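Q: Protein chains in written order, with this note's numbering: chain Z, 1 to 201; chain S, 202 to 402.
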DNA sequence: GTCTATACACTGATAGAC
DNA sequence: GTCTATCAGTGTATAGAC
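1. Between 64(Z), 179(Z), 154(Z), which lies nearest to residue 332(S) when the distance is taken from Cα to Cα?
2. Quick one: does residue 56(Z) have its CB under 8 Å from some CB of chain S?
3. Taking 8 Å as the threshold (C-beta atoms), are residue 85(Z) and residue 108(Z) in contact?
4. Taking only beta-carbon atoms, is residue 167(Z) less than 8 Å away from chain S?
5. Let me see if you follow: with CB-CB separation under 8 Å, is residue 376(S) close to chain Z or not?
6. Name, please, each residue of chain Z whose Cβ falls closer than 8 Å to the Cβ of residue 234(S).
7. From the beta carbon of residue 99(Z), is the nearest beta carbon of chain S less than 8 Å away?
8. Indicate whether residue 72(Z) and residue 119(Z) have their beta-carbon atoms separated by less than 8 Å.
9. Return no unless some Cβ of chain Z is closer than 8 Å to the Cβ of residue 310(S).
10. At 7 Å on the CB atoms, spell out the chain Z contacts of residue 240(S), in chain order.
11. Does residue 267(S) come within less than 8 Å of chain Z when only Cβ atoms are used?
12. With a threshold of 8 Å between beta carbons, is residue 275(S) in contact with chain Z?
13. Using C-beta distances below 8 Å, list every residue in its chain close to residue 284(S), excluding the 5 sequence neighbours before and after it, in chain order.
14. Which runs of the alpha helix (DSSP H) at least 4 residues long sit entirely within the stretch 5 to 86 of chain Z? Give them in chain order.
15. Which residues in the same chain have their Cβ closer than 7 Å to the Cβ of residue 203(S), if we skip the five residues on either side of it in sequence?
16. Could you pull out every unbroken alpha helix (DSSP H) segment of at least 4 residues lying fully inside the stretch 346 to 381 of chain S, listed in chain order?
17. Check whether the Cβ of residue 213(S) lies closer than 8 Å to any Cβ atom in chain Z.
18. Does the separation of the CB atoms of residue 389(S) and residue 270(S) fall below 8 Å?
19. What's the call for residue 181(Z), buried or exposed, on a 16-neighbour Cβ count within 10 Å?
20. Do the stretch 49 to 64 of chain Z and the stretch 18 to 26 of chain Z meet, that is, are 3 or more Cβ pairs less than 8 Å apart?
21. Taking residue 140(Z) and residue 159(Z) to be in contact with their CB atoms under 8 Å, please state how far apart those CB atoms are, rounded to whole angstroms.
22. From the DSSP output, in three-state form, read off residue 342(S) for me.
23. In chain Z, what lies closer than 9 Å to residue 371(S) by C-beta?
24. In angstroms with no decimal places, state the Cα-to-Cα distance between residue 153(Z) and residue 126(Z).
25. Taking 8 Å as the threshold (C-beta atoms), are residue 392(S) and residue 164(Z) in contact?
26. Beta carbon of residue 351(S), beta carbon of residue 197(Z): below 8 Å?
27. What's the call for residue 193(Z), buried or exposed, on a 16-neighbour Cβ count within 10 Å?
28. Exposed or buried, what is residue 64(Z) when buried is set at 16 or more other beta-carbons lying within 10 Å of its beta-carbon?
29. Looking at the structure shown, is residue 182(Z) part of a helix, part of a strand, or coil, going by DSSP?
30. Any idea if residue 376(S) is buried or exposed, counting beta-carbon neighbours within 10 angstroms, 16 or more meaning buried?
31. With DSSP as the reference, label residue 94(Z) as helix, strand or coil.
32. In the structure shown, what three-state DSSP assignment does residue 125(Z) receive?
33. Excluding the 5 residues flanking residue 296(S) on each side, which residues of the same chain have their C-beta closer than 6 Å to its C-beta?
34. Between the C-alpha atoms of residue 317(S) and residue 244(S), what's the straight-line distance to the nearest angstrom?
35. Return the residues of the stretch 189 to 201 of chain Z that lie within a Cβ-Cβ distance of less than 7 Å from chain S, sorted by chain order.
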């Protein structure tokens, strides 16, 4: 059977045409704008197609389904976030990993509100249940390392602590979305302080 | 123009027929089950109608729109939650209000997973933006009172603290939804301890 | 390889008969 | 109070033009 050519690296990823690359990028950009502005329901295939200047069916030529379009847009926004957070965490010392995680994540989401809404909408409306552990595990490891570096007794609370911090970050960012004047930097500082009291008692 | 009769109390609420009361209650119950089982999208008007033994149009006779059906079911589940939390908070002393809030809310949501998913789905899919302040303000007041009772210097952080706690509760409950073995009571204890360190330094 | 045209089943919603 | 009939809009599938 006929198959799409694969890249020279042979890593299994299909080699994309220039026009296809451009179209996909355009569709992702348009989708982020639409979802950020009108939410998941408001970003219909017809609306996406119209903004891109093509038809619904053409959109479904580049992506197998609407969920795939949204997923691609979601991953695009998400990769920018994790990239910045990873950089900040690596630049920080072992005992300051969690603080760098919190501050860089809150800061990034404040700087990019469209990406933020895109991520939230995709997370809450995508029925494909992503593993929740993927969300808290990286932070849990940072917390374990930081607690160890500070000489605290290693407890088994890292998971719950990470879940709490993650939920708190979501709430802070969400609040800023509704009240642009909300001081997220101060909120992040308070969260870091709260965690600091637990890590070095 | 013809208007529906209002109750003798004259509080503006329409007086409902017995059969209408029964139908609404049945539709609310059916909707909670469906939303909890299949999410917002899975609870179509046709599915609700079928489970209730009537047609789509009949459902829309009792409620003006699908959003109204879901909203009614949402409020039904929510009122049970706030009732239990309010009782627990009132039974606790002033300095233990936040702890009672956290433990009773987490406990209630663990005991009633169907209500929990109903509340989550309704919150995330209802575009009618409810005021976020309604979520954190009651807890913020409890925190202020408790901090005062413990002799802590009154800071202006009550809002952010309440937002953080609320987000943490959401994350804990959500985690329990995906992993039924997750120990939410221990998580609530940890959250209370974290807050306690801030309130009485 | 890229796209348009068309048709399909399903959604929430309305109008009017009984 | 509940029905049938109908509507515009949704995501999706297919055929075929270029």
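Heads up, the beta-carbon is just placed ideally off N, CA and C, and yes, glycines get one too.
No experiment lies behind these values; they were computed from the predicted model shown.
A: Walking through what the data contain:
1. 179(Z)
2. no
3. yes
4. yes
5. yes
6. Going along chain Z, no residue has its Cβ under 8 Å from residue 234(S), so there is no contact; the nearest lies around 18 Å.
7. no
8. no
9. no
10. 127
11. no
12. no
13. none
14. 18 to 42, 45 to 52, 56 to 62
15. Only weak support is given to the placement of residue 203(S): the predicted model assigns it a pLDDT of 41, under 50, and the question is left unresolved by the model.
16. 359 to 379
17. A caution first: residue 213(S) carries a pLDDT of 49, below 50, which makes its placement in the model too unreliable to give a value.
18. no
19. exposed
20. yes
21. 5 Å
22. helix
23. 167, 170, 171
24. 39 Å
25. yes
26. no
27. exposed
28. exposed
29. coil
30. buried
31. helix
32. helix
33. 347, 350, 351
34. 16 Å
35. 190, 191, 194, 197, 198
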